[in-house]
Amino acid sequence: MKTLPFIFAFVLGFVSTTKPAPVTEPTAPYTITLVERSPFDNLDWPQYLEAQKRHLSVDRYPSLVSDENGMHLDRRGNKAGAIGLDVSLVGPITVGQQKFDVVFDVQTATLFVPSVKCKSYACVNQNKYDEKKSKTFKSLNDRHTQVYGSGPVVMDFGLDDVTVAGFTAKKTAFGVAIEEYQGRKIIPPGDGVLGMALEGQAYKKRSAPFSTLFKQGSLKNPVVGIYVSGGNTSSLTVGGVDKTKFTGQLKFVKTIDPAGHWFIPIEGIYVNNKLIKIKPIPPFPLGALIHSSTQLMNIPRQHAAIIYKSIPGAKLIDEANGIYGVPCDTEETLAFQFNGLTFRLTPKDWIMKRIDKTKLCQGGLVGHPRVKYW
């Protein structure tokens, strides 16, 4: 299994209190192909386990805060989700007429690409941005360090035209990275990251490319869809949805986080069609933070114990990190209910790599020791 196809296609709707300008690019919807890149694929089990332990040790999850927006998730002080050991969905964009292949990530809200000034190991094989070659670049004279799962990225912020899937966001804010991951020997999956969270999660709440497209009127239909195939046929559709990727009617689920995370309520969790009684962990509601691409479902440790207890032959492999093994030939199915719709996972969807010299394979649900929501 490459990607846990928890939701094969999900749609991100952008809402703004600002009335959009007249539509200037009526080309919606437009679809581009995304390539799936995974650092896990060629690892044997011991390497795979150690990589997961390092991955899980990073505090990547927003905390719950209360402010003028009410109770909501807040990532300040936490590390962003992109560029770690997750599977990455990579696709083309242009910034100031310069081409890049970036990771599309729904947990972050900032776009960054590497600068020609970057000398870090991670920048060596990346396409680099040269502000001198762009007639539309404007510096904001603002340097910021954004911490990602693999380490800090030092970036200078500016404005330029960003084109994604045929749509151009004029004068949108982005970071030009001058240092990536403190020189650690990391080979990133792309030439930077394009965050798809709402601007409330962006540095200084600056408008991210998709929010900019809506505000300037380029998107008549302010919808962005991602299809996750579990291979190299994933895709991004801007300005609508790709109706060839699903049957029936789309049903939307309201987010329950006013600050801008894609956090939605869970109505039911099932093993072999049997409802599993799971209670929320205060102060959080029972909900899931939707990720565009990940190999694992990181869930509360208490919830993992309850679910795996319902699966014959399941065994806790690594107590510190909440990693479980299940019989590789298990026939148990999982299902999750959102807004009245049930999404089912067959064993091939949630069972992962075989554990060395055993008849067990790793389960795709990890009981994270510090997580209080899905």
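Numbered according to mature numbering (1 follows the signal peptide of the UniProt record, and there is no 0), the sequence shown spans residues -20 to -1, 1 to 354.
We put the CB at the ideal spot given by N, CA and C, even for glycine.
Query: Three-state secondary structure (DSSP) of Thr227; Result: coil
Query: Whole-angstrom C-beta distance between Gly205 and Thr217, which should lie under 8 Å; Result: 4 Å
Query: Cβ neighbours of Tyr288 in the same chain (closer than 6 Å, five flanking residues each side left out); Result: Ala294, Tyr304
Query: Separation of Asn107 from Ile12, as counted between CA atoms; Result: 19 Å
Query: Straight-line gap, Gly344 to Asn252 (C-alpha atoms, nearest Å); Result: 16 Å
Query: Cβ separation of residue 355 and Tyr109, assumed to be a contact under 8 Å, to the nearest whole Å; Result: With the chain running from -20 to 354 in the structure shown, residue 355 is simply not present.
Query: Neighbour flag for Pro245 against chain D, beta carbons, 9 Å; Result: No chain D is present in this structure, which holds just one protein chain.
Query: Unbroken beta strand (DSSP E) run spanning Leu193, endpoints; Result: Segment 189 to 195 is the alpha helix (DSSP H) holding Leu193; no beta strand (DSSP E) there.
Query: Identity of the residue in Ala157, Leu193, Thr313 nearest Ile331 by Cα; Result: Thr313
Query: Beta-carbon proximity of Asp122 to Asp140, cut-off 9 Å; Result: no
Query: Opening and closing residue of the alpha helix (DSSP H) in which Lys328 lies; Result: 327 to 330
Query: Secondary structure of Ala284, DSSP reduced to three states; Result: helix
Query: Proximity below 9 Å, CB of Ala268 to CB of Phe243; Result: yes
Query: Closest Cα partner of Ser119 within the set Lys97, Asp85, Gly155, Phe80; Result: Gly155
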